[in-house]
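Okay, so here's the structure we're looking at.
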Amino acid sequence: VSIFLFLGMSQNLSVIRETLELVGSFVKIDAVYLTAMLKILGVTYLAEFAAAICKDAGYQTIAGQIEGHMLLPNTQKATKYEHVLPLLAYLEESEDIDGVLFLLNTVGGDVEAGLAIAELISGMKKPTVSLVLGGGHSIGVPLAVAPMVTMIAPSASMTIHPVRTSGTIIAAPQTYQYFERLQERIVRFVTKNSRIGRDEFLRLMMDTQDLASDVGSVLYGEEAVACGLIQRLGSLSDALDALYRLIDEKKK
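Just so you know, the sequence shown maps onto residues 8 to 259 in my numbering.
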């Protein structure tokens with residue numbers, strides 16, 4: 008039944024495509040961006056459809072894994088970012104793209120994948136600008152400082168805390184050494200790609216007075232700029248202006 012329902016609804020996708028192509032002809036949008044938009048709509052459509060089927064069948068855990076880790080129990084995390092890595096490589100190599108603007112509003116996630124993405128962004132030769140909106144939590148901090156120009160909205164926040172995990176761990180010295188080394192990778196990356204000092208970043212990370220039920224600190228827009236974590240305050244128009252300026256400088 009689900010297959011027949013999907014086939015029936017998939018016929019409407021052609022209408023969406025024709026509408027986007029019509030809009031693109033009026034506003035002169037490049038076909039590359041229309042293709043990306045169609046892919047995003049398709050993935051979203053399929054994810055919502057699959058999650059709804061799982062919910063109707065009573066498989067809430069599987070539905071949560073499709074929709075994101077926020078709907079899963081605390082002992083499970085399904086958020087993955089590995090699919091972003093080849094996309095970033097494509098953006099760097101594409102002749103149709105002159106620069107990239109990263110809009111960030113993160114709630115944390117996989118540290119290994121997050122660091123991999125941050126390393127790719129920091130190594131890009133094309134102009135890159137980041138704008139933190141809402142919150143830059145945990146692994147969102149390395150992602151925010153990776154681009155050439157970094158900005159944060161005045162009302163946005165950035166949460167800095169030690170590396171954490173959920174579930175069962177082995178209570179052995181090697182486990183704690185692993186977390187310490189993983190945390191050191193984050194500290195080195197952030198201090199290398201921003202103006203904040205190592206001692207100040209560690210102090211914010213280990214602060215016990217700021218968060219009520221955790222260790223760490225929350226920095227709001229002006230505070231993140233004042234400590235050197237982010238370069239300056241800005242809005243969407245400011246971030247776009249900075250990106251276009253970098254693109255013009257590179258073309259010269």
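From the three backbone atoms N, C-alpha and C, an ideal C-beta is built for every residue, glycine too.
{"Query": "May I ask which residues mark the beginning and end of the beta strand (DSSP E) holding Met158?", "Result": "156–159"}
{"Query": "What is the residue span of the beta strand (DSSP E) that Ile167 lies within?", "Result": "164–167"}
{"Query": "How long is the line joining the alpha carbons of Asp221 and Ala160, rounded to whole angstroms?", "Result": "25 Å"}
{"Query": "Ignore the nearest five residues each way along the sequence and tell me which others in Lys257's own chain have a CB closer than 7 Å to its CB.", "Result": "Pro134"}
{"Query": "By the 10 Å Cβ neighbour count, where 16 or more other Cβ atoms means buried, how is Ser21 classified, buried or exposed?", "Result": "exposed"}
{"Query": "Return the CA-CA distance between Thr172 and Ile193, expressed in angstroms with no decimal places.", "Result": "15 Å"}
{"Query": "Any idea if Thr198 is buried or exposed, counting beta-carbon neighbours within 10 angstroms, 16 or more meaning buried?", "Result": "buried"}
{"Query": "Consult DSSP for Leu78 and reduce its assignment to one of helix, strand or coil.", "Result": "With a pLDDT of 48 at Leu78, under the threshold of 50, the predicted position of this residue should be treated as unreliable, though the coordinate-derived value follows. Here Leu78 sits in helix by DSSP."}
{"Query": "Compute the distance between the beta-carbons of Leu98 and Leu138, then report whether it is under 8 Å.", "Result": "no"}
{"Query": "Are Ala125 and Ile237 closer than 8 Å when you measure CB to CB?", "Result": "no"}
{"Query": "State the Cα-Cα distance for the pair Pro180 and Ala54, rounded to the nearest angstrom.", "Result": "41 Å"}
{"Query": "Just to confirm, are Ser164 and Tyr66 a CB contact at a threshold of 8 Å?", "Result": "no"}
{"Query": "Curious, which full-length beta strand (DSSP E) runs of at least 3 residues does the segment 187–233 contain?", "Result": "224–227"}
{"Query": "Return the Cβ separation of Val156 and Val136 in integer angstroms, given the expectation that the two are a contact with Cβ distance under 8 Å.", "Result": "5 Å"}
{"Query": "Which complete beta strand (DSSP E) runs does the segment 104–128 hold, if anything under 3 residues is left out?", "Result": "107–114"}
{"Query": "Mapping DSSP to helix, strand and coil, what is Val136?", "Result": "strand"}
{"Query": "Alpha carbon to alpha carbon, how far is Ala249 from Leu108?", "Result": "10 Å"}
{"Query": "Taking the C-alpha atoms as reference points, what is the distance between Leu4 and Arg239?", "Result": "The requested residue 4 does not occur in the structure, where the chain is confined to residues 8 to 259."}
{"Query": "Inspect the beta-carbon positions of Arg202 and Gly235 and report whether they are closer than 8 Å.", "Result": "yes"}
{"Query": "Over the uninterrupted alpha helix (DSSP H) stretch that includes Tyr251, give me the two end residues.", "Result": "243–258"}
{"Query": "Quick one: measure Cβ to Cβ for Gly223 and Thr182, integer angstroms, because I've assumed they're closer than 8 Å.", "Result": "20 Å between Cβ atoms; not a contact."}
{"Query": "Our contact map puts Gly291 next to Ile146 with C-beta atoms below 8 Å; I'd like the distance itself, whole angstroms only.", "Result": "Outside the displayed span of the chain (8 to 259) sits residue 291, for which this structure offers no information."}
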